[in-house]
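Shown next, in structure tokens, is the structure this report addresses.
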Amino acid sequence: MQRDLYYALLHPPIISSPRDVSEAVQDTITILRVPRSALGISSASKGAVTGQLMIQEYPGQQWIDCTQLNSGGWAIPGDTSVFHTYSFQTSAQCIIVVEKDAVFQRLASDGFHHRLPCIIVTAKGMPDMATRVFLYHLHAAFQGLPLYGLVDWNPSGMMILGIYKHGSARMGLEAPKYALLPYTCIDCNSNA
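Start counting the sequence shown at 971; every next residue gets the next number (the numbering used here).
Pasting the structure below:
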């Protein structure tokens, strides 16, 4: 884990903050032209998923039914190298990516995914790499499903959608493979 690397470099004081470690890892990825997983480094994920989705982490394992989870959903693992072993099943009509955890939890606790059969994903704010890679694999498994973003209608919300769709400059070589997600924009302005 990246946090373990920070603590290992703290004594003797080689690096002063977790941000320095993150920047050094990104620089190393860019210089070596390898993904983070090739360095044996993973980050903790903050993402979650709920809704009309069944997940099997490894062949032969029991399926996880995301409709049966509490409002916190299923925690997306931080180790992106495991997603290629996942199998998915769904009866959803779309995938909705939600910016805010509070909105995600409200949609989950209200059973929104039963009224509109959907898969709901959140990174609880700014998208982390693990949530983006999970979403990439999910979208690849269900290419016919439209992908919607539910974010604040402000520059920060648009930036979050942009990171999901195009990747981020900070992610260097890790982003392009996972960035090309086709979002549909819905105009929510009312004429009241």
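Note that beta-carbon positions come from the ideal geometry of N, C-alpha and C, so glycine has one too.
It should be emphasised that the depicted structure is a prediction, and the values quoted were computed from it without experimental measurement.
Non-local beta-carbon contacts of Pro1097 in its own chain, meaning distances under 6 Å to residues more than five positions away in sequence, involve Ile1133 and Tyr1134 in chain order. The beta-bridge partner set that DSSP reports for Phe1058 consists of Ile1025. Within its own chain, the residues whose Cβ lies closer than 6 Å to the Cβ of Ile1065, once the five positions on either side in sequence are excluded, are Ile1089, Leu1115 and Leu1117, listed in chain order. The straight-line gap separating the alpha-carbon atoms of Leu1086 and Thr1060 is approximately 13 Å. Within a 10 Å sphere around the beta-carbon of Val1067 sit 16 or more other beta-carbons, which makes this residue buried. Within the stretch 1098–1145, the runs of beta strand (DSSP E) at least 3 residues long that lie entirely inside it are, in chain order, 1117–1120. Comparing C-alpha distances from Trp1033 to each of Leu1023, Ala994 and Asn1040 shows the shortest one belongs to Leu1023. In its chain, beyond the 5 residues on either side, Ile1066 and Val1068 have a beta carbon closer than 6 Å to the beta carbon of Leu1120.
Taking a 10 Å sphere around the C-beta of Gly1017, we find 16 or more other C-beta atoms and assign the residue as buried.
DSSP places Thr1037 outside any alpha helix (DSSP H), giving it a letter other than H or E.
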